[in-house]
Amino acid sequence: MRPARIFSIGVVVMAGVGALLLAGQATLGAQPGGVSIGPADLGGVVTSANGPEAGVWVIAETLDLPTKLARIVVTDEQGRYLMPDLPKAGYRVWVRGYGLVDSASVQSTPGRTLDLRAVVAPSSAAAAEYYPAIYWYAMLKVPEKSEFPGTGPNGNGTPPTLRSQAQWLDIVKTDGCYTCHQLGNKATRTIPKELGHFGSSEEAWARRIQSGQAMMQMVTNIGRLDATRAYKLFAEWTDKIAAGELPASRPSRPQGVERNVVITVWDWATSTAYLHDEIATDKRHPTVNANGPLYGAPEESTDMVPILDPLRHARGRDQDARARSTHAVVEGKRESPVALLGERGHLGQPDQHAQPDDGRKGTGLDYRSGPPTGQS
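Numbering-wise (the working numbering), the sequence shown opens with residue 4 and increments by one.
Now the structure itself:
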């Protein structure tokens, strides 16, 4: 049985570079203990010192395409995996999973059976480095329910506008910090030395939230809390992590249908642009731009609009999008983002002289001369 095709789209941000994810479904159609491999597939069995490893991720990554690409699948109960429909390229392949540390990568190409050796984490601390960020963020101390509603600066310091603990949590999660940041990842659960030297962790946090293009929003959000108390709580959180404290529990590995997934990730935008969202069509006219490129929204970090063609694994940028968008607003036009960029646009032939943003040699895509044109 061949893997089913793509069925959903999402977007994440990785180290400042936007990474688009397409998820699909794969089914292993082989005899027990074996995997049927097609000419564009990789597959095999993952084992460790503990035997077959079920519910761990197998990751294949390549730099041979116009943009960096990774494909990720999950092993079944027998430790088997199938990496389907890989573009022709050389890949480095490795294993990641809860209770493990990343295995050494192995070089391979599609069409091969590739058994992999997973590495059991030597300590709880080493294993925890791979836990989801929320497990670390859950270590943040939350004010007691009895401290709400707030009674202001002459009372308990909590603003009277905070009527409940749930409101406080909403600010430090859904409606505040989490809208832009993955709180609890390595970048946020530690204080980077590059931030400077401070007399206390509270001072470091006060400086940290003033960093970056969203500093005004972060300062505003912390002001919705008792800022002094918030700095203290966040400082205590990072201090105890620095002292070696770990999340209270280990996450469970994917189970059942959660393992039946294929994820494809492309890096696009640049390492200094904050890619917040993407658009593929106009929801009022969902056939617009069918099978065409995707356009990113870099939210205040740059004037250019990053472009991704997921069919050809190619990326580019539109340097003039903001000027055209501003013009459309000034003229009073009610245009969709796709229309502003050329709603019938495909990427066409890539500019052979344009280079990927990470400096690697290869075919890039450049729209500095204007939006793409052509019929979809």
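Backbone N, C-alpha and C fix where the C-beta goes; we use that ideal spot for every residue, glycine too. Since we're looking at a predicted model, the values are computed, not measured.
key: Top-ranked residue by Cα proximity to Glu248, from Ile174, Thr231, Arg262, Ala141   = Position 245 of the sequence shown, counting from 1, holds the residue named residue 248. Nearest of Ile174, Thr231, Arg262, Ala141 to Glu248, Cα basis: Ala141.
query = Given Glu150, which residues of its chain have a CB within under 8 Å of its CB, disregarding the five upstream and five downstream residues?
reply = The count along the sequence shown starts at 1 and reaches residue 150 at position 147. Around Glu150: Asn159, Thr161, Gln168.
Helix, strand or coil at Thr191 according to DSSP, with G and I counted as helix = The residue given as residue 191 occupies position 188 in the sequence shown. Three-state DSSP puts Thr191 in coil, outside helix and strand.
message = For the beta strand (DSSP E) containing Thr267, name the first residue and the last one.
response = Here residue 267 is taken as the residue at index 264 of the sequence shown, counted from 1. Taken as a continuous stretch (DSSP letters only), the beta strand (DSSP E) holding Thr267 covers 265-271.
ask   = Can the beta-carbon of Leu198 be found less than 9 Å from the beta-carbon of Arg192?
value = The sequence position of residue 198 within the sequence shown is 195, counting from 1. The sequence position of residue 192 within the sequence shown is 189, counting from 1. It is not a contact, given that the beta carbons lie outside the stated cut-off.
inquiry  = Within the continuous beta strand (DSSP E) that includes Arg74, where are the two ends?
reply    = The residue given as residue 74 occupies position 71 in the sequence shown. Per DSSP, Arg74 belongs to the beta strand (DSSP E) from 72-77.
message = On the criterion of 16 or more Cβ atoms from any shown chain inside 10 Å, does Ala251 qualify as buried, or is it exposed?
response = For the purposes of this step, residue 251 is identified with residue 248 of the sequence shown, where counting begins at 1. Here Ala251 is exposed. Its C-beta has fewer than 16 other C-beta atoms within 10 Å.
ask   = What are the complete beta strand (DSSP E) segments, minimum 3 residues, inside the segment 78-166?
value = Fully enclosed beta strand (DSSP E) runs of 3 or longer: 83-86, 94-99, 109-111.
Own chain partners of Glu302 with C-beta closer than 6 Å, once the 5 adjacent residues on each side are dropped = In the sequence shown, the residue the question calls residue 302 occupies position 299. Cβ neighbours of Glu302 beyond the five flanking positions: Tyr277, His279.
query = Out of curiosity, what's the CA-to-CA distance linking Ile137 and Lys189?
reply = Your numbering for residue 137 matches position 134 in the sequence shown. Your numbering for residue 189 matches position 186 in the sequence shown. Roughly 11 Å separates the two Cα atoms.
task = Run the CB neighbour count on Val38, radius 10 Å, all protein chains shown included, and call it buried at 16 or more, exposed below.
result = The residue given as residue 38 occupies position 35 in the sequence shown. Burial call: buried.
message = Going by C-alpha to C-alpha distance, which of Ser51, Asp88, Gly47, Pro42 sits closest to Leu314?
response = Numbered from its first residue, the sequence shown carries residue 314 at position 311. Nearest C-alpha to Leu314: Asp88.
task = Report the residue from Arg120, Leu143, Gly102 whose alpha carbon sits nearest the alpha carbon of Ala130.
result = In the sequence shown, residue 130 corresponds to position 127, counting from 1. Of the candidates Arg120, Leu143, Gly102, Gly102 places its Cα closest to the Cα of Ala130.
task = Output the distance between the C-alpha atoms of Lys176 and Thr223, rounded to the nearest integer angstrom.
result = Residue numbering aside, residue 176 sits at position 173 when the sequence shown is read from its first letter. Residue numbering aside, residue 223 sits at position 220 when the sequence shown is read from its first letter. Straight-line Cα distance between these residues: approximately 15 Å.
query = Which same chain residues, not among the five before or five after Arg211, have their C-beta less than 8 Å away from its C-beta?
reply = As a position in the sequence shown, residue 211 is number 208, starting the count at 1. Same-chain partners within the cutoff: Ile194, Leu198.
query = Looking at the structure shown, is Val49 part of a helix, part of a strand, or coil, going by DSSP?
reply = The residue given as residue 49 occupies position 46 in the sequence shown. Of the three classes helix, strand and coil, the one that applies to Val49 here is strand, per DSSP.
query = For Met86, does the count of other Cβ atoms within 10 angstroms reach 16, so buried, or fall short, so exposed?
reply = Translated into positions along the sequence shown, residue 86 becomes position 83. Label assigned to Met86: buried.
key: Delimiting residues of the alpha helix (DSSP H) encompassing Asp173   = Translated into the one-based positions of the sequence shown, residue 173 becomes position 170. Segment 168-175, the alpha helix (DSSP H) holding Asp173.
request  = Tell whether a beta-carbon distance below 9 Å holds between Ala92 and Leu117.
outcome  = As a position in the sequence shown, residue 92 is number 89, starting the count at 1. As a position in the sequence shown, residue 117 is number 114, starting the count at 1. At a Cβ-Cβ threshold of 9 Å, Ala92 and Leu117 do not count as neighbours.
Rounded distance between the beta-carbons of Ala121 and Ser111, thought under 8 Å = Numbered from 1 along the sequence shown, position 108 holds the residue referred to as residue 111. Numbered from 1 along the sequence shown, position 118 holds the residue referred to as residue 121. That pair is no contact at about 16 Å.
task = With DSSP collapsed to three states, give me the class of Asp242.
result = In the sequence shown, residue 242 corresponds to position 239, counting from 1. Three-state DSSP puts Asp242 in a helix.
Collapsed DSSP secondary structure at Glu56 in the structure displayed = In the sequence shown, counting from the first residue as 1, residue 56 sits at position 53. Glu56: coil per DSSP, three-state reduction.
request  = Assuming Val77 and Gly58 form a contact by the criterion Cβ under 8 Å, report the distance between their Cβ atoms to the nearest whole angstrom.
outcome  = One-based indexing of the sequence shown puts residue 77 at position 74. One-based indexing of the sequence shown puts residue 58 at position 55. About 6 Å separates the CB atoms of Val77 and Gly58; that is less than 8 Å, so the two are in contact.
query = By Cβ distance below 8 Å, which residues in the same chain neighbour Ser126 in space, the five residues on each side in sequence not counted?
reply = Taking the first residue of the sequence shown as 1, we reach residue 126 at position 123. So no residue of the chain qualifies.
message = Just to confirm before moving on: does the CB-CB distance between Val48 and Gln81 stay below 9 Å?
response = Residue numbering aside, residue 48 sits at position 45 when the sequence shown is read from its first letter. Residue numbering aside, residue 81 sits at position 78 when the sequence shown is read from its first letter. Cβ distance < 9 Å, so Val48 and Gln81 count as in contact.
inquiry  = For a test of the three-state rule: what should DSSP assign to Ile212, helix, strand or coil?
reply    = Sequence index remark: in the sequence shown, residue 212 carries index 209 (1-based). Shown here, Ile212 sits in coil according to DSSP, grouped into three states, outside any helix or strand.
ask   = Whose C-alpha, out of Ala43, Pro309, Lys71, Tyr133, is nearest the C-alpha of Ile282?
value = For the purposes of this step, residue 282 is identified with residue 279 of the sequence shown, where counting begins at 1. Selected option, being the one with the closest Cα: Pro309.
ask   = When burial is assigned at 16 or more other CB atoms within 10 Å of the CB, is Ser51 buried or exposed?
value = Locating residue 51 in the sequence shown gives position 48, where the first residue counts as 1. Buried, because 16 or more other Cβ atoms sit within 10 Å of the Cβ of Ser51.
inquiry  = Just to confirm, is the Cβ distance from Gly225 to Ala238 under 9 Å?
reply    = Numbered from 1 along the sequence shown, position 222 holds the residue referred to as residue 225. Numbered from 1 along the sequence shown, position 235 holds the residue referred to as residue 238. A small fix is needed here, since residue 225 is Ile in this sequence, not Gly. No. Outside cutoff.
request  = Would you decide whether Ser204 is buried or exposed? Buried here means 16 or more other CB atoms lie within 10 Å of its CB.
outcome  = By one-based count along the sequence shown, residue 204 stands at place 201. Buried.
request  = Report the rounded CA-to-CA distance for Arg318 versus Lys196, giving the unit in angstroms.
outcome  = Reading the sequence shown from its first residue, position 315 is the one you call residue 318. Reading the sequence shown from its first residue, position 193 is the one you call residue 196. C-alpha separation (whole angstroms): 33 Å.
task = Can you give me the Cβ contacts of Met221 inside the same chain, cut-off strictly under 6 Å, excluding the 5 residues immediately before and after it?
result = Residue numbering aside, residue 221 sits at position 218 when the sequence shown is read from its first letter. Hits under 6 Å: Ile212.
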